[in-house]
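Written out below as structure tokens is the structure these notes cover.
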Amino acid sequence: MNFQQLRSVREAARCGFNLTEAAQVLHTSQPGVSRQIRELEDELGIALFVRAGKRLTGLTEPGRHVLPIVERVLMESRNLRLAGEEFAAQHSGRLSIAATHTQARYALPEAVQDFRRQFPGVRLHLHQGSPRQVAQMLIEGEADVGIATEALADYPQLAALPCYRWTHAVIAPPDHPVLRAPLSLEALARHPLITYDAGFTGRTRIDEAFARAGLAADIALAAMDADVIKTYVELGMGVGIVAGVAFEAERDTRLRAVDAGALFGINHTRLAVRRGSFLRNYVYAFIEAFAPTLTREAVDAAIA
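If you want our numbering, it's the 1-based position in the sequence shown plus 27.
Here's what the structure looks like:
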């Protein structure tokens, strides 16, 4: 039994049983992946995959029990390597952060700047994606830390800790009538709206608020990040709903903002790490730089 066999099984499952894709991920050939899987099955004495001719079509019942064990073994091998690096090179290494656009653009810069001053020898990698993509990068070991408002708390493989609370803001050009009347869901429903795509930056709370009021929101345009939303609001295409932190009065001079926390409630941004993962000292340092309440003790308690 060897790690390449375990990786072949894991990637075959992750790639939807497509051995060509699994081979590309593993930088090897499709016959090589197939051979590694067969050798492991022979050693275990069980079939891990259901087959239709030469194609894999799913996991067998034993395969469904074995796959989580394979995942744990590979994660612990990564933890072992990281533990060695922690003591051999305490102030160098790699920190991979996955975040949504809003977090990367508005919440992360100060923490990243502080971290770079403290650990100049650590290479930072910042990945942007949807909340679900952020969660997947954590689960698959591509990222050490994930930051998003939605989705992270939905995965049992992740320890998702609340970092800070925020509210939405309604934005419009200075002369727009929505800014002159008392802000309400009824007033917003009379205008085309520009806000986040489904599953991004508290969009769930926006949809729920209109649904509870029995109103149909006219979503004229949905986007993944606030910069795009603000651009189209400036063009007069509709009223914007963005994260309050995304409105910067000194930069967004052609817009005005009104806090909409009373309409859409309070959102929680969460920082997540994978349960069972070994975190190097500088990962704890970054987490605390981003959210001072998330001390090493708090993170360890959540992972446990």
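By construction, the Cβ of each residue, glycine as well, lies at the ideal position given by its N, Cα and C atoms.
- Non-local beta-carbon contacts of Ala187 in its own chain, meaning distances under 6 Å to residues more than five positions away in sequence, involve Leu179, Ala180, Arg297 and Ala299 in chain order.
- Contact between Glu177 and Gly226 holds: their C-beta atoms lie close to 6 Å from each other, under 8 Å.
- Apart from sequence neighbours up to five positions away, the residues of its chain that approach Ile73 with a beta-carbon distance below 6 Å are Pro89, ordered along the chain.
- Boundaries for Gln130: no alpha helix (DSSP H) harbours it, and the DSSP string shows neither H nor E there.
- Taking the Cβ atoms as the reference, Ile268 lies roughly 7 Å from Ala287, within the contact range of under 8 Å.
- Close CB contacts of Thr129 within its chain, under the 7 Å cut and outside five residues either way in sequence, are with Thr228, Asp252, Ala253, Ala270 and Ala273 (chain order).
- Straight across, the Cα-Cα distance linking Asp234 with Val260 is about 19 Å.
- In the structure shown, the three-state DSSP call for Leu122 is strand.
- Within the region 30–94, complete alpha helix (DSSP H) segments of at least 4 residues are found at 30–41, 46–53 and 57–71, given in chain order.
- In terms of CA proximity to His154, Val172 leads the group Arg143, Gln140, Glu137 and Val172.
- Collapsing the DSSP output to three states places Gln155 in a strand.
- Taking C-alpha positions only, Cys42 is separated from Arg99 by approximately 18 Å.
- Ala250 is positioned such that its CB atom lies closer than 9 Å to that of Thr222.
- In the DSSP assignment, Leu215 falls within the alpha helix (DSSP H) that extends over Leu212 to Ala216.
- Rounded to whole angstroms, the gap between the alpha carbons of Ala199 and Asn45 is 48 Å.
- Pairing Leu53 with Ala329, the inter-Cα distance amounts to about 32 Å.
- Of all alpha-carbon atoms in Phe317, Leu185, His195 and Pro201, the one lying nearest the alpha-carbon of Arg302 is that of Leu185.
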